[in-house]
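Residue numbers (my numbering), protein chains in the order written: chain R, 1 to 87; chain Z, 1 to 87; chain V, 1 to 153; chain X, 1 to 153.
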């Protein structure tokens, strides 16, 4: 299945990715946020540090904040970002 | 001793007094707010209703909210008014 | 602190802006505006007249601000309260509080309003279709003030 | 409800006035303005840049307002939040709530700010004399939001 990924703030800056399209193997499904993080972490040190390290990471699926065990579906928009600091 | 009296809102309207100077017998002292209310109530029905009746009356001495047992001194400015309704 | 009791209307935006830009370490301004409603206790209100006790009014508002400044770490407080004859939709009161952080500014602003409602010598008389009447004090306002004696914030 | 995410500054006085005069039964407008402080965590701040997640930002702010309207009897809520590059003393955010009575308007306005601070996808980066740094989320903001789950108001 295909998903669209977004990165924001410190993650965008460090990973040098703002957005990307990603193909996830249906055979390896169901895909959760945690499983996606683990997959991305294999891209290298900085990815592991950013997504599975000490820093808190928040995730959203289709613009809704979700937990690590949330399931990702085909066509979803998934975003990773640090805890928010607006206001 | 001499005091200055003020009436506000419903009291002013009903008693038809806004302000007055009053002489209180030193021999009958010490004067409290309650004692002053009792004295004024003798002026007639409407005075008794307004000051000692069912309606809540607040008192201030020299611009400070006080209780019925507060003592009045010579030269004081005493005010009677209903519970406040500003804001 | 600033306390103004006046018959004229006020420009809330201007006043809030003054408070906000007075210091570069202000992080938050919380403000309250009260206006004349066209209805009260189920009756249409065509006009509102505000009486006050000159001298005591200013003193009591200043004392409320002093209390708020003792309780919370805030920077400045402004109170403007109108008196005289007002129409529905007219502004009655503005309370604005500036501070570094929002929590204390919110608490202080609500505290000032709750005390103003129960201690500052203002009285409202409203004109309705069935004549004029003095607005009665509400026990909910006393309750709102009493809360501040219970919390230890 | 109105939600605006914009780079331009806003006229808080105008916006508050619109909310206030929209209905003649509005009795209270509570508003919050956040501005860029010239100091944070002990360091001088010369500039602040606000990033956000377009699309999600608006949705999350609307969801917060919907929650507030469910919890309290209020009339309208406006949120304006700026993004982009700001200077000390610039306005960042305006939240304004109108209602019949002050207690609910105060609660709703503070609720919206507490949720905005912890759920709306905005991120601040500040420029200090020692370089740029991302602002860290504060646990006190999480605590502020958690309060609303405990009270039964």
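No residue lacks a Cβ here, since even glycine has one placed at the ideal position from N, Cα and C.
Keep in mind it's a predicted model, so treat the numbers as computed, not measured.
Check whether residue i and residue j have beta carbons under 8 Å apart
i                     : j                     : result
residue 37 (chain V)  : residue 88 (chain V)  : yes
residue 92 (chain X)  : residue 35 (chain X)  : yes
residue 49 (chain X)  : residue 2 (chain X)   : no
residue 160 (chain V) : residue 126 (chain V) : Nothing can be reported for residue 160 (chain V), as the shown portion of chain V is limited to 1 through 153.
residue 16 (chain X)  : residue 28 (chain V)  : no
residue 144 (chain V) : residue 84 (chain Z)  : no
residue 189 (chain X) : residue 43 (chain X)  : There is simply no residue 189 (chain X) to check, as chain X begins at 1 and stops at 153 in what is shown.
residue 31 (chain Z)  : residue 22 (chain Z)  : no
residue 150 (chain V) : residue 135 (chain V) : no
Beta-bridge partners of residue i, as assigned by DSSP
i                    : result
residue 3 (chain X)  : X:79
residue 44 (chain X) : X:39
residue 31 (chain X) : V:31, X:96
residue 23 (chain X) : According to DSSP, residue 23 (chain X) bridges with nothing at all.
residue 63 (chain V) : Residue 63 (chain V) pairs with nothing; no bridge assigned.
residue 61 (chain Z) : Z:64, Z:78
residue 84 (chain X) : X:50
residue 69 (chain X) : BP columns for residue 69 (chain X) are empty, so no partner.
residue 72 (chain R) : R:31
residue 94 (chain Z) : For chain Z, the structure presents residues 1 to 87; residue 94 (chain Z) sits outside this window and is missing.
Beta-carbon contacts of residue i that lie in its chain and below 7 Å, excluding the five residues immediately before and after
i                     : result
residue 51 (chain R)  : 37, 40, 41, 57, 80
residue 9 (chain Z)   : 81, 82
residue 52 (chain V)  : 5, 83, 121, 122
residue 142 (chain X) : 118
residue 13 (chain Z)  : none
residue 26 (chain Z)  : 1
residue 7 (chain V)   : 82, 83, 84
residue 56 (chain X)  : 121
residue 17 (chain Z)  : 7
Nonlocal neighbours in the same chain, by C-beta distance under 8 Å from residue i, ignoring five residues either side
i                     : result
residue 33 (chain R)  : 59, 61, 66, 67, 68, 69, 70, 72, 78
residue 76 (chain Z)  : 3, 4, 61, 62
residue 45 (chain V)  : 36, 37, 38, 39, 88, 126, 127, 128
residue 67 (chain X)  : 111, 115
residue 9 (chain V)   : 82, 90, 91
residue 19 (chain Z)  : 4, 5, 6, 7
residue 147 (chain V) : 114
residue 55 (chain Z)  : 10, 49, 82
residue 46 (chain Z)  : 14, 15
residue 58 (chain V)  : 3, 5
residue 29 (chain R)  : 1
Beta-carbon contacts of residue i that lie in its chain and below 6 Å, excluding the five residues immediately before and after
i                     : result
residue 32 (chain V)  : 95, 109, 113
residue 97 (chain X)  : 30, 74, 77, 105, 108, 109
residue 87 (chain Z)  : none
residue 61 (chain V)  : 3, 79, 120
residue 102 (chain V) : 28
residue 21 (chain X)  : none
**Secondary structure, alpha helix (DSSP H): runs of 4+ residues fully inside the stretch 91-146 of chain X** = 102-119
**Request:** Quick one: which residues of the stretch 44-60 of chain V get their C-beta closer than 7 Å to a C-beta of chain A? List them in chain order.
**Result:** No chain A is part of this structure, whose protein chains are labelled R, Z, V and X.
**Request:** With a floor of 4 residues, list each alpha helix (DSSP H) that falls wholly inside the stretch 6-55 of chain Z, ordered by position along the chain.
**Result:** 9-15, 33-41, 45-52
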